[in-house]
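In what follows, a structure is listed as structure tokens, so that the remarks can point back to it.
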Amino acid sequence: MSNRFRHGIALVLILGTLVLAGCQSPRDEAKVLRLNLGGEPQTLDPQRAADSTSISVLRSLYASLLRVGPDLSIQPDLAAEVPTVANGGISADGLTYTFRLRAGLTWSDGTPLHASAFVDGARRLFEPANANPYVDFYRVIAAQGANDRVAQALAEGRTGADLEALQRTAARDLEVSAPDDRTVVYRLSRRSPAFLSLVTLSPMYPVRADLIAQHGDRWTDAGRLVTNGPFTLATWDHGRQIVLARNARYHGGVVPLDGVRLDMIEDAAIALLAYQKGELDVVTLGPAELVQVRGTQSLRDQFQSYAQLSTQALYFNAADPLFRDARVRRALSLALDRPGYAEVLREGAVLPATAWLPPGMPGHDRAAGTDAAQPAVERAQALLRDAGHEGGRGVEVQLLVADASSARTTAQWLKEQWERALGVRVTLVVRERAAYFADRVGGKFQVLVGGWSADYADPENWLPQFRSGSALNPGRFSDAAYDRLIDQATVELDQSRRIATYQQAQRVLIEQAAIAPLAYGRRNILVQPWVRNLVTSPMESEVPGDLYLDRASIAQR
Amino acid sequence: MLRYGLVRLGQGVATLAAIAVVTFALMHAVPGGPFEARGGDRASAGLVEAQRAYYGIDAPVPAQFGRWASHVVRGDLGPSFARPGRTVAAVIGDGLLPSTVVALYAFALAVGIGVPLGVVAAARAGGRGDAAILGVTTVLAAVPAFVIAFALLLVGAVWLGWFEVRLGRDVTDLALLAKALPPAVALAAPSTALLARLTRAAMIEALASDYVRTARAKGLGTGAVTLRHALRNALLPVVTVAGPLLATLVTGSIVVELIFGMPGVGAAFVAAILQRDYGVIMGVTLFYAATIVVANAVIDLIVPVLDPRIARP
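Those protein sequence lines, which keep their order, are chains A and B.
Following the numbering used here, the residues of the first sequence are numbered contiguously, the last one being 557.
Following the numbering used here, the residues of the second sequence are numbered contiguously, the last one being 313.
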């Protein structure tokens, strides 16, 4: 009888093996670029998107008035030309920006794209229900004074019904208008030379108010979302995959790719496996994968490494009794072996940083902070002594770090460096991402491992956040000279003077050690030999080449 | 029977309510909220506060719980904070099918392979076949599911190319049910071993009992004795664990889902915890708790059928 059981088991095993053997990976279409998105985007609603994953997808779905070129220049996209004072696009007082749309623009469903779509998009951004942190970037747009009052209330920490009413007023009274179908006008409450850069970003994309009214929150579902960029949303398999299809009505001409497949592989090791199996055309390498690829001869010609406009830095809490003293902050910064960090600990995946603005960013200053280019331990010790902490006496530092393996390694390294060079005691406070940001925005830390990456290639995106009273100044850094320089630069219309003023401000930032720059970011990727024209950029979001997928193509796989 | 059903229903609701209260309290005690997680370094303290106020999560936790519960009893699990524009029900709904398919598949594998293996081992207790089965099941019971999952992925997907590294949603496509096999195998392996060992022990006991000797003495064949007399009695402990086991498979697939890239409930749960997506955390917790409550209730109904000595409820 047990024969019957044996047969049964054998049958199950044989059937299992057969079905397993029967499933082969499906053949992809020849001209679909297969990329890794790294996770589920939070939303494909441009006014609600705030995470890098969502923004990466939106860049292929939408086109804006202007776009940023691979050389970081601002170029016209849906606008016929970039507004200047000379061509009348910018008013003489610098407060009114007028964009003239190209003729014959349409949405992917063939509906004409009118200037009012930009008004609708801008207005939606300011609705409190859309909860987009990027809205604060755009408070410079005038709203009969309401935006200034919202900014004031947020800075003072006033919330509740009054603020909500004020936010709604700002959305309603926003001074963005469409005098005719091909003209969009933005009124600013102060001069803002970086406003053209702000126009390139996803919160300013046009939207279809009619479809939002029709479908409600489900308007971004595949089959409903109507876009105006090089691609449209074909399918969205939540948590797994997004497929984009070429938009035949794209104003920029015929897109070479049939489509783009965006997989949501969170683990870099698994993404590399998928790449090696030929299931992905491009893959971003994590630290461990970078080492693995370096050791694999066959992958070396597929390797590319390029700069990103990002800087990893330590933030000091200037409101802390210990770190109120700039000498203590400086000492901790000077003691660090930055080349060792970049080359040994991070395996050359980053570059050592002495300044806040990274290379490639207008205003990057190679000479800034060079006294920290090599560890200056004796000077650091002397500074601590001057501050009354001879040999690190009485200095107990709590170092806040987000719970990611690379950040933990960095924090361990910092602890070891400081304890050995300065004799201070360092305790690591490893917090989960949400808790880390809660402590960070709440100013509940002494030193934290953080950083910044560019939303747009302008020092305005990097330096004013450290001004006294700025809402994004977690360390409460406050310096009168710094504030003056920032206030000058923010409204300076002469570009070279503006950049020079920001550079001066950066010197103050480094000398006063509001932060200690650690490393400039790089992106390390593998690209399959059949991928053509993957145009990378120093301002990429999650996906390599995400700003210019309209140019990429695929040769015979 | 009706009375029993009502009592069980009452107990179930009470259990769910208790779990909801505890989870809600713990969730809010954890530092960091959805808008800090969502805004990251772009969000100012003021903006985070404004958003908390807008969504009412600045209210005292008991008041928030009251409001949440009053919506849940009306079938509204609320909005997802981490996925603006999506509801909690939609986020969980996305993951339900892949998770359930793989769990049921794993359950079928665990029962279909584990129980026969246990019977075979018991029939040859002390023999070489028994030793082999014991050895294999010991290893399977000791190795965590994620190790088996990675091993399957490495061998099946990377070396042999039988399936894609990312299985994803295809696991729900009936024509491609084969695709669900690797995650189901990884998930089922420890449970299969458990069931095999449990069945073996129960069978050895049953085969040594008086009624089996009597049956043999009556001249019944080995098959009839093993299957009709011994197995039926030996199945009782097996069925008793099968209910919680199925619930464990439904709720326990988190790691396997992450490794095989399946967008299941478990994967959504992990993401929700990291993003402090309060509504999704509560929704999935209730779903998991309800699964366990229902599975246990069903087993309590089945057991008396196998053993009439246990009072029918």
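Backbone N, C-alpha and C fix where the C-beta goes; we use that ideal spot for every residue, glycine too.
Apart from the five residues just before and just after residue i, which ones in its own chain have a Cβ nearer than 7 Å to its Cβ?
i: A:Ser189; result: Val140, Ala142, Asn147, Asp148
i: A:Gln465; result: Leu472, Asn473
i: B:Ala189; result: Leu140, Ala145, Ile148
i: A:Ser478; result: Ala318, Ser468
i: A:Ser192; result: Val140
i: A:Arg27; result: Bear in mind that a pLDDT of 42 at A:Arg27, under 50, signals an unreliable position, so the number given afterwards is only what the model happens to contain. So no residue of the chain qualifies.
Take residue i and list the residues in its own chain whose beta-carbon comes closer than 6 Å to its own, dropping the five residues that flank it on each side.
i: B:Ile299; result: Gly243
i: B:Gly283; result: Leu77, Val88, Ile92
i: A:Asp109; result: Val226
i: A:Val255; result: Pro230, Arg246, Asp550
i: A:Ile515; result: Ala313, Tyr315
i: A:Asp458; result: Ala194, Ser197
i: A:Leu13; result: Note on A:Leu13: pLDDT 39, under 50, position unreliable in the model; the coordinate value appears next. Contacts found: none.
i: A:Ser541; result: Ser52, Ile55, Ser56
Do residue j and residue i have their beta-carbon atoms positioned less than 8 Å apart in this structure?
i: A:Ser202; j: A:Ile55; result: yes
i: A:Trp418; j: A:Tyr341; result: no
i: A:Asp232; j: A:Arg67; result: Just to set this straight, residue 232 of chain A is Thr in the shown sequence, not Asp. Going by C-beta atoms, A:Thr232 is not nearer than 8 Å to A:Arg67.
i: A:Ala404; j: A:Leu428; result: no
i: A:Leu44; j: A:Ala63; result: no
i: B:Val270; j: B:Leu258; result: yes
i: A:Pro359; j: A:Ala307; result: yes
i: A:Leu322; j: A:Val328; result: yes
i: A:Val82; j: A:Val119; result: no
i: B:Ser99; j: B:Val212; result: no
i: A:Leu244; j: A:Arg224; result: no
i: A:Leu262; j: A:Leu547; result: no
i: A:Val283; j: A:Ala271; result: yes
i: B:Gly32; j: A:Ala454; result: no
i: A:Arg330; j: A:Ala505; result: no
i: B:Leu246; j: B:Ala295; result: yes
i: A:Val395; j: A:Val447; result: no
What three-state label does DSSP hand residue i in the structure shown?
i: A:Gln304; result: strand
i: A:Ala378; result: One detail in the question is off: residue 378 of chain A reads as Glu in this sequence, not Ala. Helix.
i: B:Ala297; result: helix
i: A:Tyr186; result: strand
i: A:Val260; result: strand
i: A:Gly22; result: Reliability fails at A:Gly22, whose pLDDT of 34 lies under 50, so the model's placement of it is uncertain and no value is given.
i: B:Gly46; result: helix
i: B:Ser70; result: helix
i: A:Trp236; result: strand
i: A:Gln446; result: coil
i: A:Arg191; result: coil
i: A:Tyr62; result: coil
i: A:Pro179; result: strand
i: B:Ser209; result: coil
i: A:Ser537; result: coil
i: A:Ala222; result: coil
For residue i, which residues of its own chain have a beta-carbon under 8 Å away from its beta-carbon, when the five flanking residues on both sides are left out?
i: B:Ala196; result: Ile113, Gly114, Val115, Leu117, Gly118, Ala121, Ile133, Thr137
Taking residue i as the reference, give the member of the options with the closest Cα.
i: B:Lys179; options: B:Ser191, B:Thr192, B:Trp162; result: B:Trp162
i: B:Ala25; options: B:Ile292, B:Tyr278, B:Asn296, B:Val303; result: B:Tyr278
i: B:Leu47; options: A:Ala155, A:Ala115, A:Trp530; result: A:Ala155
i: A:Ser197; options: A:Tyr97, A:Ala248, A:Arg385, A:Thr183; result: A:Tyr97
i: A:Ser73; options: A:Pro362, A:Glu390, A:Pro544; result: A:Pro362
i: A:Tyr250; options: A:Ala103, A:Leu95, A:Ala353; result: A:Ala103
i: B:Ala234; options: B:Gly261, B:Ile204, B:Gly219; result: B:Ile204
i: A:Gly443; options: B:Ser44, B:Leu245, B:Ala69; result: B:Ser44
i: A:Gly545; options: A:Asp365, A:Ala555, A:Val527; result: A:Val527
i: B:Arg67; options: B:Ala20, B:Gly252, B:Gly39; result: B:Ala20
i: B:Gly210; options: B:Leu198, B:Ala224, B:Ala230; result: A small fix is needed here, since residue 210 of chain B is Asp in this sequence, not Gly. Selected option, being the one with the closest Cα: B:Ala230.
Query raised in the report: Of the residues that make up the region 31 to 42 of chain B, which ones have a beta carbon closer than 8 Å to any beta carbon in chain A?
Result: Pro31, Gly32, Gly33, Pro34, Phe35, Glu36, Ala37, Arg38, Gly39, Gly40, Asp41, Arg42
Requested in this report: Identify each residue in the region 148 to 181 of chain A for which the Cβ-Cβ distance to at least one residue of chain B is less than 7 Å, and report them in chain order.
Outcome: Leu154, Ala155, Gly157, Thr159, Gly160, Leu163, Glu164
Requested in this report: Pull out every residue of the region 125 to 141 of chain A whose Cβ sits closer than 9 Å to any Cβ of chain B, in chain order.
Outcome: Pro128, Ala129, Asn130, Ala131, Asn132, Pro133, Tyr134, Val135, Asp136, Phe137
Requested in this report: Identify each residue in the region 429 to 444 of chain A for which the Cβ-Cβ distance to at least one residue of chain B is less than 9 Å, and report them in chain order.
Outcome: Arg431, Glu432, Arg433, Ala434, Ala435, Tyr436, Phe437, Ala438, Asp439, Arg440, Val441, Gly442, Gly443
Query raised in the report: Taking Cβ-Cβ distances below 7 Å as the criterion, which residues of the region 214 to 245 of chain A are in contact with chain B?
Result: Asp217, Thr220, Asp237, His238, Gly239, Arg240, Gln241
Query raised in the report: Quick one, which residues of the region 42 to 63 of chain B are near chain A if we go by CB-CB under 7 Å, in chain order?
Result: Arg42, Ala43, Ser44, Ala45, Gly46, Leu47, Val48, Glu49, Ala50, Gln51, Ala53, Tyr54
Query - chain B contacts made by the region 532 to 544 of chain A, where a contact means CB separation under 9 Å - result: none
**Report entry** Contact set between the region 2 to 23 of chain B and chain A, restricted to residues whose Cβ is under 7 Å from the partner
**Finding:** none
Requested in this report: Report the residues of the region 276 to 309 of chain A with a CB closer than 7 Å to any CB of chain B, ordered along the chain.
Outcome: Lys277, Glu279
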